[in-house]
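Colleague: One rule links them: number in the numbering used here = place in the sequence shown (from 1) + 3. The beta-carbon is built from N, C-alpha and C at its ideal position, and this holds for glycine as well.
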Amino acid sequence: MEMFLALGAILACLGVVLGAFGAHALKDKFASPHYAAIWETAVQYHMYHALGIIGLGILSSESLLGSTSLLSLAGYLMFTGIIFFSGSLYVLAVTGVKKLGAITPIGGMLFIVAWVLVAVAALA
Numbered sequence: 004m005e006m007f008l009a010l011g012a013i014l015a016c017l018g019v020v021l022g023a024f025g026a027h028a029l030k031d032k033f034a035s036p037h038y039a040a041i042w043e044t045a046v047q048y049h050m051y052h053a054l055g056i057i058g059l060g061i062l063s064s065e066s067l068l069g070s071t072s073l074l075s076l077a078g079y080l081m082f083t084g085i086i087f088f089s090g091s092l093y094v095l096a097v098t099g100v101k102k103l104g105a106i107t108p109i110g111g112m113l114f115i116v117a118w119v120l121v122a123v124a125a126l127a
């Protein structure tokens, strides 16, 4: 599960970069403060789940829960959730295309299922 440690670290780094980019380079480019808030929400959930992926890498250690298919699936769902949830919000915040909001709940559901799988793996 070293892959999840590396993937989570890369995603966390990207979250910091996108947060700084939104706060500085895009600060005056958003159509309204509403879109700046959308960007911030995207960055927050991006970072939460990057850290979650790192946590999955740690939990997959043989001294903890070990490598399980549930934890692996949870990691992939968190990664995909970042793409769908945060990715759609990033694009929405920059373009104002509201139809992208239809994609965001898919990412949210992926996050929810991922966390449920972590709980199931912990209780198994």
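Give me the residue from H37, G110, L59 and K30 with the minimum Cα distance to A129.
Modeller: Given a span of 4 to 127 for the chain in the structure shown, any question on residue 129 remains unanswerable.
Colleague: Using the Cα positions of F82 and A15, report the straight-line distance between them to the nearest angstrom.
Modeller: As a position in the sequence shown, residue 82 is number 79, starting the count at 1. As a position in the sequence shown, residue 15 is number 12, starting the count at 1. Whole-angstrom Cα-Cα distance: 11 Å.
Colleague: In terms of alpha-carbon separation, which member of M112, L113, A125 and S89 lies closest to L103?
Modeller: Within the sequence shown, numbered from 1, the residue matching residue 103 stands at position 100. Looking at the Cα atoms, S89 is the closest of the given residues.
Colleague: Where does I13 fall in DSSP's three states?
Modeller: Counted from its first residue, the sequence shown places residue 13 at position 10. Three-state DSSP puts I13 in a helix.
Colleague: Nearest-angstrom Cα distance between F7 and G99?
Modeller: Against the sequence shown, residue 7 aligns to sequence position 4. Against the sequence shown, residue 99 aligns to sequence position 96. Near 33 Å, if we compare the C-alpha coordinates of G99 and F7.
Colleague: Tell whether a beta-carbon distance below 8 Å holds between F87 and L68.
Modeller: Locating residue 87 in the sequence shown gives position 84, counting from the first residue. Locating residue 68 in the sequence shown gives position 65, counting from the first residue. No, they are not a contact pair.
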